[in-house]
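Peer 1: Here's a structure for you.
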Amino acid sequence: MSVKIFKINEELKEYMPQEIVDLEEKATWGNPKRGVMDLPYAKELVEEHSLCAGCPESAAFRYILASLPNPEDTIIVNSTGCTSLVFPHIALHTVHPLFGNQNAVASGIKRVLEWRFPDKVKDVVVIAGDGATIDIGLDCTLQSFFRQEKITTICFDNEVYANTGGQDSGATPKGMEFKMAPGGKQWDKVPMWQLAIDSGCHYVARLTVSSPKKVEQVVKKAIYVAREVGPTYIHLYTPCILEIGLNADQGLWEMRQRDKERFKFFEYMSDEAKEVIKKKKEEGLL
Amino acid sequence: MAKLGPSGYSPYPVAVTEGVLTPPPGKALMFNEIVDEETAMREAAKAMLTRENPTIFPGPQVLYAWNEEAKKKAKLIKEMAEVLGAKIIPMYDYRPKYPKIDPEKEINPNHPNLTIWHNKIKACIFIGVHCHYANVALKIIRAETDCFTIAMCSLAGHEDAMITLRDQHAEDLEKFIRIAKEVKKELGK
Ligand SMILES: Cc1ncc(C[n+]2csc(CCOP(=O)(O)OP(=O)(O)O)c2C)c(N)n1
Ligand code: SF4
Ligand SMILES: [Mg+2]
Chain A
1 MSVKIFKINE
11 ELKEYMPQEI
21 VDLEEKATWG
31 NPKRGVMDLP
41 YAKELVEEHS
51 LCAGCPESAA
61 FRYILASLPN
71 PEDTIIVNST
81 GCTSLVFPHI
91 ALHTVHPLFG
101 NQNAVASGIK
111 RVLEWRFPDK
121 VKDVVVIAGD
131 GATIDIGLDC
141 TLQSFFRQEK
151 ITTICFDNEV
161 YANTGGQDSG
171 ATPKGMEFKM
181 APGGKQWDKV
191 PMWQLAIDSG
201 CHYVARLTVS
211 SPKKVEQVVK
221 KAIYVAREVG
231 PTYIHLYTPC
241 ILEIGLNADQ
251 GLWEMRQRDK
261 ERFKFFEYMS
271 DEAKEVIKKK
281 KEEGLL
Chain B
287 MAKLGPSGYS
297 PYPVAVTEGV
307 LTPPPGKALM
317 FNEIVDEETA
327 MREAAKAMLT
337 RENPTIFPGP
347 QVLYAWNEEA
357 KKKAKLIKEM
367 AEVLGAKIIP
377 MYDYRPKYPK
387 IDPEKEINPN
397 HPNLTIWHNK
407 IKACIFIGVH
417 CHYANVALKI
427 IRAETDCFTI
437 AMCSLAGHED
447 AMITLRDQHA
457 EDLEKFIRIA
467 KEVKKELGK
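From first to last, the protein sequence lines stand for chains A and B.
Under the working numbering, the first residue of the first sequence is numbered 1, with each subsequent residue one higher.
Under the working numbering, the first residue of the second sequence is numbered 287, with each subsequent residue one higher.
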């Protein structure tokens, strides 16, 4: 994709709705320093969403999309789940593969883009739920790490298969009950961030989305490291307020509680990743 | 396409099952007949000049300035609208829109009939809409409405439109505008 895609022909501009004119005039393109601080001023790349009111996944979306260093040349690969209903609303190229296959599809896209556009930086970012990443799709997720694919994987962990009404997933903590898992989860939560490190990811972060600035930092680091070194993984806690019985205004509160315990901020960098991050800091991009 | 809608829905691509295919290069398709491009252009102009609320639906390939051809076509589409006395309603992208579209200002390939119904459009031109979305939209329009659809396609054309002009580039648009002006004069408009 190119920024030209958003440039409207002058002759036909008067017929375009304001939101599309704003995408050309007020969204942040071609500026790797863009970030969550632009949110109150710039046109966002997600217009509306179809998540439950107050769903923290919507906050995660806004922060991630505001932080992509190269949105005009970013391809997002998603998967079925609550988030998949949002992708048609975002103003970037997205690909919706079969549930669980997202990291395999992203690997192929990244390789083809490198071959087709050798002189251009194209980022491939996977955004998928915990069911897709850690459960049904775990094979594809890990294989892409083993193969050292230069992609970033972001998991929206709400600790449940939310979109299908509440079954437990690999990411559900032991003992937790859901509508369709009334006996409680029998096994421990899969420590996906640790599996990611052991499987060859060069940058790994685990956090909640309670702090927009923190989300921006990890997204940028993960994308820069993926570009130059290899796979990176971000594990975000985006609680399903509907399934755990919270009100629309309680998502942030829930995340702040978990900030202190099982989603305490955690970050890992390989030596090569540290080099990249140091360089990007010197360039003023982090 | 054999006849004007509303044809109702068919599980099969409507025009193809009726034996209607896109025209060969250099020719155009008018209903279920292969005709000369000029004949089709005259009829297209006539439909736009005589039917109620004629509207041009430009798609992303002409709305955005992504290459020189697109810039030229945008100018010509504006001129075409003036000559035909047509409205312009853009199909600026293909994202499904929630909770709903504003049918006065936009047309969406997922439910193009809403815009046609709302504005009581009886003739329209699709131009610069990517083929797969033009195909879907034209089928829905024919299934649900009595709108006379004209596809000005830069590739092979669309058998689901009532008139299909294929390989339409800037010079072909100029030719169409010239013909539309003649037809307009003949109609005393
Ligand atoms: C191949 C395939 N298997 C199963 C499903 C059914 N399915 C749809 S959404 C979903 C749950 C998604 O859970 P998760 O990835 O955690 O995302 P969430 O909805 O929780 O955000 C499942 C299993 C599907 N769409 N495709
Ligand atoms: S079901 Fe849960 S995860 Fe899905 S949109 Fe609603 S609150 Fe968010
Ligand atoms: Mg989930």
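For glycine and all other residues, C-beta sits at the position ideal for the given N, C-alpha and C.
Being a predicted model, the structure only gives us computed values, none of them experimental.
(1) State yes or no: is the beta carbon of B/Trp352 nearer than 7 Å to at least one beta carbon in chain A?
(2) So what does DSSP say about A/Cys140, is it helix, strand or coil?
(3) Looking at the structure shown, is A/Leu23 part of a helix, part of a strand, or coil, going by DSSP?
(4) Taking the continuous alpha helix (DSSP H) assigned at B/Met316, which residues delimit it?
(5) Would you verify that the beta carbon of B/Leu370 is, or is not, closer than 7 Å to some beta carbon of chain A?
(6) Check whether the Cβ atoms of A/Ile154 and A/Ile136 lie closer than 7 Å to each other.
(7) With a threshold of 8 Å on Cβ separation, who are the neighbours of A/Asn247 within its own chain once the five nearest residues in sequence on each side are excluded?
(8) Can you tell me which residues form a DSSP beta bridge with A/Asn78?
(9) Consider the Cβ of B/Ile374: report whether some Cβ of chain A lies at a distance smaller than 7 Å.
(10) Is A/Asn247 a contact residue of ligand 2, with contact defined as CB to any heavy atom under 6 Å?
(11) Name the one or two DSSP bridge partners that B/Thr341 has.
(12) Okay, do the stretch 108-125 of chain A and the stretch 193-205 of chain A touch, 3+ Cβ pairs below 8 Å being the bar?
(13) Rounded C-beta distance between A/Ala59 and A/Val209? I'm assuming under 8 Å.
(14) So with CB distances below 8 Å, who are the chain B contacts of A/Phe6?
(15) Name the chain B residues that come within less than 7 Å of A/Glu48, Cβ to Cβ?
(16) So, is A/Thr80 buried or exposed, given that buried needs 16 or more other C-beta atoms within 10 angstroms?
(17) Is the CB of B/Ala360 under 7 Å away from at least one CB in chain A?
(18) According to DSSP, is B/Thr401 part of a helix, a strand, or is it coil?
(19) Taking the Cβ atom as the reference point for each residue, do A/Ala66 and A/Asp38 lie within a distance shorter than 7 Å?
(20) CB A/Glu243 to CB A/Val276, shorter than 7 Å?
(21) Report buried or exposed for A/Asp188, applying the criterion of at least 16 other Cβ atoms within 10 angstroms of its Cβ.
(22) Kindly list, in the order they appear in chain A, the residues whose Cβ is closer than 8 Å to that of B/Lys364.
(23) Which same chain residues end up closer than 8 Å to A/His89 when comparing Cβ atoms and leaving out the 5 residues on each side of it in sequence?
Peer 2: For this structure:
(1) Yes, B/Trp352 counts as interfacial toward chain A.
(2) helix
(3) DSSP places A/Leu23 in helix when its eight states are reduced to three.
(4) Taken as a continuous stretch (DSSP letters only), B/Met316 belongs to no alpha helix (DSSP H), being part of the beta strand (DSSP E) at Lys313 to Met316.
(5) no
(6) no
(7) Gly54 and Ile241
(8) A/Ile127
(9) yes
(10) no
(11) B/Lys373 and B/Cys410
(12) no
(13) Taking C-beta atoms under 8 Å as the contact rule, A/Ala59 and A/Val209 qualify, at a distance of about 5 Å.
(14) Tyr350, listed in chain order.
(15) Tyr384
(16) buried
(17) yes
(18) helix
(19) Yes, these two residues count as a Cβ contact at 7 Å.
(20) no
(21) exposed
(22) Glu11 and Leu12
(23) Val46, Glu47, Glu48, His49 and Ser50
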